[in-house]
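Contents: one structure, followed by commentary.
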Amino acid sequence: LLSLICCSDSKIYRIRLVLENKLAIHHSSEVQTTFIQSENLIPFSSHPHPLKSILLNEVDGYLGYCKICCQRIEGVSDDGYGCKECRFYIHKSCAVFPYELQHPSHPKHLLLLQLHSWEKCANCNSDQFDFKYKCPHCHEFYLCPECAFLPLTKKAENHDHPLTLMQKLLPFKCYGCKDEGNGMFYFCSTCSFTVHSKCTSLPLIVRLPTIQNAIHSHPLTLMLALTISLTCDACGNKTKGMFYFCAICSFVAHLDCALSPS
Ligand SMILES: [Zn+2]
Ligand SMILES: [Zn+2]
Ligand SMILES: [Zn+2]
Ligand SMILES: [Zn+2]
Ligand SMILES: [Zn+2]
Ligand SMILES: [Zn+2]
Ligand SMILES: [Zn+2]
Ligand SMILES: [Zn+2]
Numbered sequence: 001l002l003s004l005i006c007c008s009d010s011k012i013y014r015i016r017l018v019l020e021n022k023l024a025i026h027h028s029s030e031v032q033t034t035f036i037q038s039e040n041l042i043p044f045s046s047h048p049h050p051l052k053s054i055l056l057n058e059v060d061g062y063l064g065y066c067k068i069c070c071q072r073i074e075g076v077s078d079d080g081y082g083c084k085e086c087r088f089y090i091h092k093s094c095a096v097f098p099y100e101l102q103h104p105s106h107p108k109h110l111l112l113l114q115l116h117s118w119e120k121c122a123n124c125n126s127d128q129f130d131f132k133y134k135c136p137h138c139h140e141f142y143l144c145p146e147c148a149f150l151p152l153t154k155k156a157e158n159h160d161h162p163l164t165l166m167q168k169l170l171p172f173k174c175y176g177c178k179d180e181g182n183g184m185f186y187f188c189s190t191c192s193f194t195v196h197s198k199c200t201s202l203p204l205i206v207r208l209p210t211i212q213n214a215i216h217s218h219p220l221t222l223m224l225a226l227t228i229s230l231t232c233d234a235c236g237n238k239t240k241g242m243f244y245f246c247a248i249c250s251f252v253a254h255l256d257c258a259l260s261p262s
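Each residue of the sequence shown is one higher than the one before, starting from 1 at the first, in full-length UniProt numbering.
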């Protein structure tokens, strides 16, 4: 939806509002110091030159990366907005990001799209995005554009169930990479696991809630990704995240150990 330009009055107004704000941000003194301090190679002149809609394939030389989405700008295929003097370019599709954003991860205040180089996203920790959604009231709350618009549901490869986004910043255990996370995550309500957004492309194998296996005489029950670590009774190593458990004799086994024939 974000990349569509709707012709209704409100949308046009909104896009114009965004551009005017970016224009103001782009040529504010804050930006000047950021550019001058961080990158002497970028020529920056202090006189105002508005971001114009330009055909990027008419721009000579290297276009660099879009200041909003951080993806390479391929001049041949993309239109965009930019300032040739500053080599400051953004995709046309990225210009429709709303200026104001009410996001469930920060329900108290409205977030505003602003230029903040080097500040880390509260969700993914990345600082590669120049534009971020910033809370004007809270000292250091930023969301990168990617995290601000994660899809609410996602179909992971190799997983039978749809994943749902938790739009809150919470500590969790990732089922994919097994690391601990702190931020938004996807979860499968059928399998009761949580996973990083970036790890939804990993194979997320469906685990049966109860298994009967040769490794143990009683049926084993799948336990949720607790933050405590137990010792696997099959291999002797520590568990991380989910494990199989026998309630009768407190037998603990890694997912793989419970399923391996031994
Ligand atoms: Zn872009
Ligand atoms: Zn400029
Ligand atoms: Zn982010
Ligand atoms: Zn706030
Ligand atoms: Zn992960
Ligand atoms: Zn599932
Ligand atoms: Zn084990
Ligand atoms: Zn048992």
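Just so it is clear, CB atoms sit at the ideal spot from N, CA and C, and this is done for glycine as well.
Given a cut-off of 8 angstroms, decide if residue 73 and residue 89 are closer than it, judged by their beta-carbon atoms. yes
For ligand 1, residues whose Cβ lies under 6 angstroms from any non-hydrogen atom: 66, 68, 69, 71, 90, 91, 94
Given a cut-off of 8 angstroms, decide if residue 163 and residue 188 are closer than it, judged by their beta-carbon atoms. yes
Going by CA-CA distance only, name the one from 259, 127, 242, 194 that's closest to residue 317. Residue 317 falls outside the range modelled here, since the chain spans only 1 to 262, and no answer is possible.
So which residues touch the region around ligand 4, with touch meaning a C-beta under 6 angstroms from any heavy atom? 106, 108, 109, 135, 137, 138, 141
Enumerate in chain order the residues of its own chain whose CB-to-CB distance from residue 212 is below 6 angstroms, with the five nearest sequence positions on each side excluded. 219
Looking at the structure shown, is residue 96 part of a helix, part of a strand, or coil, going by DSSP? helix
Taking 8 angstroms as the cut-off, does the region 163 to 177 touch the region 192 to 211 (at least 3 CB pairs, one atom from each stretch)? yes
Identified DSSP bridge partners for residue 149: Residue 149 is not bridged to any residue.
Count the other CB atoms, across all protein chains shown, that sit within 10 Å of the CB of residue 158; report buried if there are 16 or more and exposed otherwise. exposed
Pairwise C-alpha distance: residue 214 and residue 244: 13 angstroms
What separation, rounded to the nearest whole angstrom, lies between the Cα atoms of residue 67 and residue 191? 39 angstroms
Which full runs of the beta strand (DSSP E) of 3+ residues lie inside the region 196 to 253, going along the chain? 220 to 226, 241 to 246, 251 to 253
Could you check which residue in 147, 240, 206 has the C-alpha nearest to that of residue 168? 147
Can residue 315 be considered in contact with ligand 5, in the sense that its beta carbon sits closer than 7 angstroms to one or more heavy atoms? For residue 315 there is no data in the structure shown, the boundaries of the chain being 1 and 262.
With DSSP as the reference, identify every bridge partner of residue 180, one or two as the case may be. 173
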